[in-house]
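In the numbering used here, the protein residues as written are -7 to 686.
C-beta: ideal position from N, C-alpha, C; glycine also.
Right, one structure below, let's go through it.
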Amino acid sequence: MSTYLACFVVCNFESKENEILANGIGNNFKLRSFAQKDQMHKIDFAQDIGKRATEFYIKYYEVPFPLPKLDMIAIPDYVSGATEHWGLITYRETSFLIDEDTASSKNKISVANTVAHELAHMWFGNLVTMKWWDEVWLNEGFASYMQVKSLNAIEPSWTMLDQFLTRTLHSVLVTDAKLSSHPIVQTVETPDQITAIFDAISYNKGASVLRMLEGFIGEENFRRGVSDYLKKYEFGNTVTQDLLSSMEPYFKKNYPDLSLKYIMDTWTRQMGYPLLSVKPGEQTNTYIVTQSRYLINPQAVDNETSEFRYRWYIPITYKTNKGSKDAIVWFPNNQDSATITLDEGETWLKINNNQVGYYRVDYTADMWRSLIQELKNRSEQLTISDRSHLLNDIFALAESEYVPYAVALDLSTYLNVESDFVPWETATSILATLSERLSNTPAHDNLEKYIQSLVKPLYEKQTWEKTNLGVIAGLLRARILSLAATYRLPEAEEKVRSLFLAWLNSRSDQALIETDLRDFVYYRGMKSATQEEWDKLWQIYLKEEDVQEQAKLRSALAAPRDANILKRFLDLAWDENNIRSQDYLNVVSYISSNPNGTDLVWDNVRTNWPKLVDRFTLNSRYLGSLIPDITETFNTEQRLKEMEQFFAQYPEAGAGESARTRALETVRNNIKWSTTHLNDVSTWLQEAVNNQKH
-7 MSTYLACFVV
3 CNFESKENEI
13 LANGIGNNFK
23 LRSFAQKDQM
33 HKIDFAQDIG
43 KRATEFYIKY
53 YEVPFPLPKL
63 DMIAIPDYVS
73 GATEHWGLIT
83 YRETSFLIDE
93 DTASSKNKIS
103 VANTVAHELA
113 HMWFGNLVTM
123 KWWDEVWLNE
133 GFASYMQVKS
143 LNAIEPSWTM
153 LDQFLTRTLH
163 SVLVTDAKLS
173 SHPIVQTVET
183 PDQITAIFDA
193 ISYNKGASVL
203 RMLEGFIGEE
213 NFRRGVSDYL
223 KKYEFGNTVT
233 QDLLSSMEPY
243 FKKNYPDLSL
253 KYIMDTWTRQ
263 MGYPLLSVKP
273 GEQTNTYIVT
283 QSRYLINPQA
293 VDNETSEFRY
303 RWYIPITYKT
313 NKGSKDAIVW
323 FPNNQDSATI
333 TLDEGETWLK
343 INNNQVGYYR
353 VDYTADMWRS
363 LIQELKNRSE
373 QLTISDRSHL
383 LNDIFALAES
393 EYVPYAVALD
403 LSTYLNVESD
413 FVPWETATSI
423 LATLSERLSN
433 TPAHDNLEKY
443 IQSLVKPLYE
453 KQTWEKTNLG
463 VIAGLLRARI
473 LSLAATYRLP
483 EAEEKVRSLF
493 LAWLNSRSDQ
503 ALIETDLRDF
513 VYYRGMKSAT
523 QEEWDKLWQI
533 YLKEEDVQEQ
543 AKLRSALAAP
553 RDANILKRFL
563 DLAWDENNIR
573 SQDYLNVVSY
583 ISSNPNGTDL
593 VWDNVRTNWP
603 KLVDRFTLNS
613 RYLGSLIPDI
623 TETFNTEQRL
633 KEMEQFFAQY
643 PEAGAGESAR
653 TRALETVRNN
663 IKWSTTHLND
673 VSTWLQEAVN
683 NQKH
């Protein structure tokens, strides 16, 4: 056993157990879950997911679980979300405990993901361990992808493969389009570098590249390659090449002349990813595809070189009005272009089916117009993931000046006929970014009116009352009602405030607010809170014993517009009797993400940096990531200067070194956005609002 996986827990907790059925692959064994005595009624959900996920893994890998027992334990004070100690998985309580009466769909999916992730590690990471930390993606990328595959198998109605886009892929496509990114496999030597490598590239990009590999090798071939790898290297250490060697025979079945190692090296040994640009060829029905490195700021100059010159060996998938094409078009990194030939009667082209490929795609203006029309016509060929993908790509391409913002905003108008959760989740993130960028500008009112017009058709079909919706329908309802309230649709705003006050004045009568709606009703309800209302909520928080409910209340306590209230919360939060140390940095982030709290937190963190370092240490990646969290909306030269001065005053960054570089790059990009795009977006929104009036 690797030393980092050894663990002892001394406690007087209680436990429940289930038998894991190995179905002939090894022996049956016990899965036990431990928690404090008064929390025992909240472990059934995680225990059930744990049993079913473990049985899925045994069958999928065709490799027995090698230990005689497997325990999971919920620990009240625990800095990580969870850790995959072999045979004894440790969890923070919020990552494990679910009260079926009060937990939201979001809470359940979050706990299920964490449990499935840690259990995947029992094989990936524990049975087979990377040789050194530079290969940590073999642990974390695999566990991040396998958690999705297991949940998709045991809870198919949750549509986890579609949710992969919004939960995993889209955020890392932003991180990896900056110069401050790094390759999946990179040299690490110091403890700070080791801590820092547990980041979005190792987890999210690792998972995304594995999903793409499975896409072109085939599901069953991928499974067999994984199984062979685990059997060959069990109780041993590996590098990336060992995994690819296990996959190679299955890859060669379909592509005898290609090298899997060479293809995958272009994705794992250089940072970033390609942008495919598509235009009609000279011959009828042909399209020419070229590639270039995608950067959010295309003018950025990179001093880092790559042995592959930032070109990739790309598996291209595509679909047309006649459906998806099975054959993959390979675009080698040493060729200038690839050609796609359509059949007669194929009138439009969309590349990258379900956004399985780790790349972005740009089209000519006419081709974008055709795709926008297909979205508005609710084309059956465009899946949930395809629609989410088009939204995600076009707004990224608008930001980096490949597509006019007017075209991206034209595409977003289709949302008033969209009724699925994942595209709305993608849209929420896009609209939130636009809202931040336009805050304190005259265009913000028009943005709110435009979003209201998109949300209203679906808002009118939702209910605020308690209903037995499935998980995905529950998530969609919460998303739509939350958008309506956030962007101040009058009827939604009034409903939230009245629901919240009724709940607050009843001293937290849980039945008043449906579980899926609580987090945003608390938050929006507290926006205009008085000191007296805040004090009431603070008392409710101090008495609350459910960890999921506590997390929702902590977020709401950071919502008021009154900066004096926020200052008081920041002061109270420092005391561990009020807020556990493990939750303090989250509270700081919550307050800073409130526009009325950003200045307060930025000043506080700069003034008290030595105290923060003393309490959390420079080796904490959570402290390191606090800086990009606080500064992500900064968009002035003055702010940039303040950051540079702060970093010069405290040059020792520890595990936060790369986070600082990323923060500076983000702010420079924000400044550029204001000068480049503000007028275009403002003009489009003004016209959209004028058209609504007619």
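Does residue i pass the burial test, meaning 16 or more other C-beta atoms within 10 Å, or should it be called exposed?
{"i": "R499", "result": "exposed"}
{"i": "A319", "result": "exposed"}
{"i": "L534", "result": "exposed"}
{"i": "S72", "result": "exposed"}
{"i": "K123", "result": "exposed"}
{"i": "E226", "result": "exposed"}
{"i": "L493", "result": "exposed"}
{"i": "Q523", "result": "exposed"}
{"i": "Q347", "result": "buried"}
{"i": "Q503", "result": "This sequence places Ala at residue 503; Gln is not what is there. The residue is exposed, with fewer than 16 neighbouring Cβ atoms inside 10 Å."}
{"i": "S329", "result": "exposed"}
{"i": "Q542", "result": "buried"}
{"i": "K197", "result": "buried"}
{"i": "Q275", "result": "exposed"}
{"i": "G18", "result": "exposed"}
{"i": "K34", "result": "buried"}
Check each candidate in the options and name the one with the smallest Cα separation from residue i.
{"i": "N556", "options": "V353, Q283 and G589", "result": "G589"}
{"i": "L545", "options": "D554, I583 and K487", "result": "I583"}
{"i": "V281", "options": "S298, E296, P307 and W259", "result": "P307"}
{"i": "P643", "options": "G616, V659 and H669", "result": "G616"}
{"i": "S173", "options": "F208, D294 and L23", "result": "D294"}
{"i": "Y247", "options": "V321, N289, N683 and V177", "result": "V321"}
{"i": "R303", "options": "Y351, H686, T333 and G517", "result": "Y351"}
{"i": "K29", "options": "P58, M204, L468 and E537", "result": "E537"}
{"i": "M204", "options": "R631, V231 and T260", "result": "T260"}
{"i": "R370", "options": "D335, D412, G16 and G466", "result": "D412"}
Answer yes or no: do residue i and residue j have a C-beta to C-beta separation smaller than 9 angstroms?
{"i": "Y265", "j": "A169", "result": "yes"}
{"i": "Q373", "j": "G315", "result": "yes"}
{"i": "T158", "j": "T507", "result": "no"}
{"i": "Y451", "j": "A484", "result": "yes"}
{"i": "T297", "j": "I343", "result": "no"}
{"i": "T179", "j": "D126", "result": "yes"}
{"i": "S25", "j": "M(-7)", "result": "no"}
{"i": "L130", "j": "L267", "result": "no"}
{"i": "V353", "j": "S377", "result": "no"}
{"i": "N105", "j": "L80", "result": "no"}
{"i": "L222", "j": "V128", "result": "no"}
{"i": "E440", "j": "Y479", "result": "yes"}
{"i": "V1", "j": "I101", "result": "no"}
{"i": "L694", "j": "N10", "result": "In this structure the chain extends from -7 to 686, so residue 694 is not present and cannot be described."}
{"i": "T312", "j": "L341", "result": "yes"}
{"i": "W665", "j": "N627", "result": "yes"}
{"i": "T375", "j": "N345", "result": "yes"}
{"i": "I12", "j": "E54", "result": "no"}
{"i": "L446", "j": "N408", "result": "yes"}
{"i": "G133", "j": "V231", "result": "no"}
{"i": "L475", "j": "A680", "result": "no"}
Tell me where the alpha helix (DSSP H) around residue i begins and ends.
{"i": "E541", "result": "V539 to L549"}
{"i": "Q678", "result": "E649 to K685"}
{"i": "A484", "result": "P482 to N497"}
{"i": "I209", "result": "G198 to I209"}
{"i": "Y397", "result": "Y397 to S404"}
{"i": "L423", "result": "F413 to L430"}
{"i": "R379", "result": "I376 to E391"}
{"i": "P620", "result": "R613 to T623"}
By the DSSP assignment, the beta strand (DSSP E) with residue i in it spans what residues?
{"i": "Y279", "result": "T278 to R285"}
{"i": "L267", "result": "P266 to P272"}
{"i": "V353", "result": "R352 to D354"}
{"i": "F26", "result": "F21 to A27"}
{"i": "I12", "result": "E6 to I12"}
{"i": "D63", "result": "K61 to I67"}
Would you say the beta carbon of residue i comes nearer than 8 angstroms to a heavy atom of the ligand NAD?
{"i": "S96", "result": "The ligand content of the structure shown is nil, which means the ligand NAD is not present either."}
So does the region 348 to 361 actually touch the region 267 to 283, counting three or more Cβ pairs closer than 8 angstroms? yes
Quick test of the definition: if touching needs 3 or more C-beta pairs under 8 angstroms, does the region 212 to 232 touch the region 147 to 164? no
Kindly confirm or deny that the region 81 to 89 and the region 3 to 10 touch, where touching means at least three C-beta pairs closer than 8 angstroms. no
Check whether the region 35 to 42 touches the region 96 to 112, taking contact to mean three or more Cβ pairs, one atom from each stretch, closer than 8 angstroms. yes
The region 417 to 437 in contact with the region 668 to 676 per 3-pair CB rule at 8 angstroms: yes
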